[in-house]
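Residue numbers (UniProt numbering), protein chains in the order written: chain S, 1 to 700; chain E, 1 to 700. Note that the Cβ used here is the ideal one computed from N, Cα and C, for glycine as well.
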């Protein structure tokens, strides 16, 4: 026991105990306190910087650490995204065959290396052999087809098995898209390890495997999770961010707006057409919006129902088998149809493209290139696309939410792009055969290429993405980034707005909010209006029939009494009042801080026993000479707890919680402490109003 | 006196008195209450909509009124902006001459009408005659020059005289750029008439006159004011917006982000070059950033010093003479130099342009077009530009803040564009004569056109605008809108960031914030960090030496006593407590509501006299049979006033005010009411910390 313990403990504020002011797992952080803490730190550095050169340098480096951090995060997550892209490309190609000059080349690189290949048959180079060719020696005939088919299924099963096993063994948090959890974490919730190094490593590896396995999932959402992991890990290099939960979240907010993956996405689906569109076409665009909205609403319902079933029934006990079954089913159904066999990104990019003169794709199987009457090739393509649409719609519902990393951008866009392309070709043929009708007259003369099916695919993709995620403006911006089609702002806006309206009619939640609610995370949706006219007194605890609120008095209680009170409840904090009779509020003490301080005092501070008085006042009360020394705890008490009156309408209280990022708020009536209201209480109350189970809110 | 008066008055909440809940001029609105009011209204409409079809239609039209309003505002302000543009163009040309085939044609239209003009000499058509030609019959010689010069000054004086006289006579609020006031109004301050119809009409007319007079001012800021006036006037068409100050501000916020003038601006300075830039060039770009920052800081200091002088000395008594003197000086100095004679927008557009083969401008006076060694013409142009730079820098300082509509975008950009072009041409010549030095080697071979002076002008303009307004990211976006130069994001970012850092070193305020402070508006800068470590108890009123806070008790006071208390103070609201001894807070009553209610009760409610008890409790106290009936005022009391404790650090309190948009907040200590803190108190305290005069905060 060291000598200066007791004197040090008199004012714990001066040198806080380790642990005091930190948070437990699955708890909500207090934004106001964290920000205030950071301002104190900044003030201290600024004041010191006037005294010496070293301190000045420290202050400058502190100011620039934010910039440096963002740079590092950008570099690291950019490098990872690039690596994932290359690896996934390679593994996806491996499902079809192997490169003889080096198995580490993907199809494209393998054929680049080949000198014999000309531009036309670059895809058919001798160096790249399909599995059938390698095993049976020929790539023709039914037997070769079956060998390739089986190898395709084999690789899909292998990749998905590896992905789900790695996730389960090393980092359970690496599954899913991660967006619902990141939204919750950014709103101020602690999930330890969710952004840790193991999650980062495993998510990077399994994302490659999951994408390569051919499952109906994308990599955009998980990449955001990867970037957030990078940011969180790099934060530990800088004191400013290491010690402050709010500050760390700011980094991730900034990350979201600068979007380190912007560049890699810009290349993805660059559209080359700049054909004008006609006002009449707004009708089919709105139709696509309606389709997107309906599909979004349906998808969310079906997916949530399926995920709930997984959570509540025996299905959830066999995640590996589930993934293997879905992967096998996907591979089995996807292989025969060329549009489902190719990866989602390839499919979208083919659907977004307009047919040029040289285009050999089936989608461009017109009888004539300028006029564009549909030929046999196009009709086959349309049938295949329609089947692909049904398949994608079904399989995505059961894929999203499995225990592998899975994003939703690519599958949603694929569904929309197929629907859009189908409608686009339909409109095109309609215009071709009816160019004299009043609808097309004047802008769609025969021989002119007036409808661009690629644009319809783009609008459809935006509409479906909008229906699923319920973003509108930011979605249109993303579509521009993806495609560079700045002149299509009106079609995109029309479709996404319609889609949002239609989908909102069936329920206002996007897929991420629905998953947040399914998992019971404490997330206060910033857009959702609180429509009910209840008062704070109706929501606070204790309820009218419950026993009174557990409070501490600022003096008169012993260490033993305080410990008994804390043990008998599970509250995470206690108000301190002047006296039990007056119930006048003095401050608020967190359970964690209280336990750590008492524990520490018992060990280190001489004479603190169960009979010692606990004192929260500024000046120590006079005690009898033979009494044990009092334990002074004013230092750990929050002297400025937030209060609202019992008559405050709940909409105002919700607003306060949202805008200030509160964790709890005390409720007073005519100046007396009456109760307490926490984020969880509010979420439970909102669940109750919406006729949902209030006990679905799990965490504090 | 109507019979149902008394019964109606028992609960004023049911049918509020006219005037209760509205605001006085130069007061701050309470965002939380206003939003809550709107939610109540919305709830009521939604509930009613389930009962009848008419109510359902009402509910739908209510939901769509926001869209309709935005559409109308967009159309109206777009039309006005177009009109202003055309009129200003015409009047500006009139300073130089007149069109013979119709005086209402401007120079360009006049020469378009002329059939004889070919493309080359379109600017010299016989239909357009300069004043000298019209008066003396010749446009050659010194005499003609002097006649033109004098006519130029005459028109400048006439236009500026009309502008300042109209502003003074009909709408004093129409002067200036309007941006500082709009920022303050958006933050929740009432300035009656600032966005009214007279301001709109007069600002539109005088903006045309001021721009045409040749004064060093732009029209972008005033156009924002015009658009906000449109929005405010059109808000009166919709109940939803008419009755709610916060809702009305939301419209103007949306307006700012959709920017109805976007289109007209897109055309303004379209850059046609897409030449790449080299990493080495970042050095001159950063140099331009430093120049922009220095000029921004200097401009703000000089302009504020000049405006303060105008406010405090006799100078402010002669606004008309001031405008005339400045206009005469501007015209006198500007005419001889062709770069100052042309309008600011024309100048910028010429400086942004790169020289093409056909370009006949003096700025393109190279000896050789491909290699670009400077010729005599270019040297003359450089001298003229240098003089124009000095002139623009000086004259803008005394022009901005005069009693005419005046924007700052164009003058700031002009200064930066001149400086940038000068540096750009300098770099170009340096590269031409030293293309073998280690700096230019490898990327700037002889014969190649490697430096684009127009890009330097663009970067310089952004840097100066950044130095003056302290926007960075939004500024870069504006530059893209203005110029379409998407590939220059890094040069623009580098220059604007440097400019902001340099300018911030001299003072963190932009020009608009500086003017807000100069005028003493109650504006809490959202970005400004509160660095000082004071507590709420140090800032609240009453101060320690002052008399206690004026409070009402919830019962026991008579109408006469309440009136006496209200009369003896100038506070805009009073806390209601349980009793003077306990000081336990019950609610808060606004002075305005209290006076209106008492006044109304005395007139309409039988038996209310000075001796009547004023009662704020829920249940009326039992009174003696012969006593006059009590006046019940619980309905006008705010039952959920915001409170903070006296120990709350001021940074948290400032945060609460900012985020919730509060007007005032009550301060408690251990559950007892201790004092009150208002936005004005906070602003005064912040002024004191910054060593400024706290009495510069004028309004509530």
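If you draw a straight line from the Cα of residue 600 of chain E to the Cα of residue 212 of chain E, it is about 53 Å long.
Counting only runs of 4 or more residues that sit fully inside the region 54-126 of chain E, the alpha helix (DSSP H) segments are 107-113, in chain order. Under the Cβ criterion of 8 Å, residue 681 of chain S is not counted among the residues facing chain E.
For residue 307 of chain S, there is no enclosing beta strand (DSSP E); the enclosing alpha helix (DSSP H) has its first and last residue at 282-312. Residue 28 of chain S carries a strand assignment under DSSP once its states are collapsed to helix, strand and coil.
Residue 225 of chain E places its beta carbon less than 8 Å from that of residue 178 of chain E. Near chain E, meaning a CB-to-CB distance below 8 Å, the residues of the region 660-671 of chain S are 660, 668, 670 and 671. Less than 8 Å separates the beta-carbon of residue 363 of chain E from that of residue 350 of chain E. Counting only residues of its own chain and dropping the five nearest sequence neighbours on each side, residue 189 of chain E has a CB closer than 8 Å to the CB of 26, 27, 28, 29, 521, 522, 523 and 699. Contact annotation, residue 425 of chain E with residue 389 of chain E: C-beta distance approximately 13 Å; criterion of less than 8 Å not satisfied. In the displayed model, residue 50 of chain E falls within coil according to three-state DSSP, outside both helix and strand.
With distances taken between CA atoms, residue 550 of chain S lies nearest to S/562 out of S/689, S/609, S/539 and S/562. DSSP places residue 665 of chain E in the uninterrupted beta strand (DSSP E) bounded by 664-669.
Take residue 163 of chain S, set aside five residues on each side of it, and the residues of its chain with a beta-carbon closer than 6 Å to its own are 206, 209, 210 and 404, in chain order. Within a 10 Å sphere around the beta-carbon of residue 317 of chain E sit fewer than 16 other beta-carbons, which makes this residue exposed. In this structure, the CA atom of residue 106 of chain S is about 29 Å from the CA atom of residue 168 of chain S. Only those residues of the region 328-350 of chain S whose C-beta falls short of 9 Å from the nearest C-beta of chain E would be listed, and there are none. If you draw a straight line from the Cα of residue 307 of chain E to the Cα of residue 96 of chain E, it comes to about 32 Å.
Within the model, the alpha-carbon separation for residue 61 of chain S versus residue 248 of chain S is close to 17 Å. The shortest C-alpha to C-alpha distance from residue 101 of chain E to any of E/89, E/81 and E/125 is the one to E/125. Residue 576 of chain E is not a Cβ neighbour of residue 560 of chain E, given a cutoff of 8 Å. By the C-beta density criterion, residue 417 of chain S is buried, having at least 16 other C-beta atoms within 10 angstroms. Collapsing the DSSP output to three states places residue 641 of chain E in coil. In this structure, S/287 is the residue among S/622, S/654 and S/287 with its C-alpha nearest to the C-alpha of residue 494 of chain S. At a cut-off of 8 Å between C-beta atoms, residue 508 of chain E does not count as an interface residue with respect to chain S.
Two segments are said to touch when three or more pairs of C-beta atoms, one from each, lie closer than 8 Å; by this definition the region 672-683 of chain S does not touch the region 47-54 of chain S. By the Cβ-count criterion, residue 544 of chain E is exposed, with fewer than 16 other Cβ atoms from all chains shown falling within 10 Å of its own Cβ. From the beta-carbon of residue 643 of chain S, the residues of chain E found nearer than 7 Å are 643.
Residue state for residue 224 of chain S is assigned as helix, using DSSP reduced to three classes. By the criterion of a C-beta distance shorter than 8 Å, residue 657 of chain E is surrounded in its chain by 524, 665, 679 and 682, once the five residues flanking it on both sides are discounted. Within the model, the alpha-carbon separation for residue 411 of chain E versus residue 392 of chain E is close to 7 Å.
CA-CA distance, residue 140 of chain E to residue 166 of chain E, rounds to 37 Å. The CB of residue 647 of chain S comes closer than 7 Å to the CB of 639 and 640 in chain E, given here in chain order. Interface annotation, residue 201 of chain E: not in contact with chain S, CB-CB separation never under 8 Å.
Looking at the DSSP output, residue 557 of chain S sits in a beta bridge with S/614. Residue 409 of chain E is positioned such that its CB atom lies closer than 8 Å to that of residue 221 of chain E.
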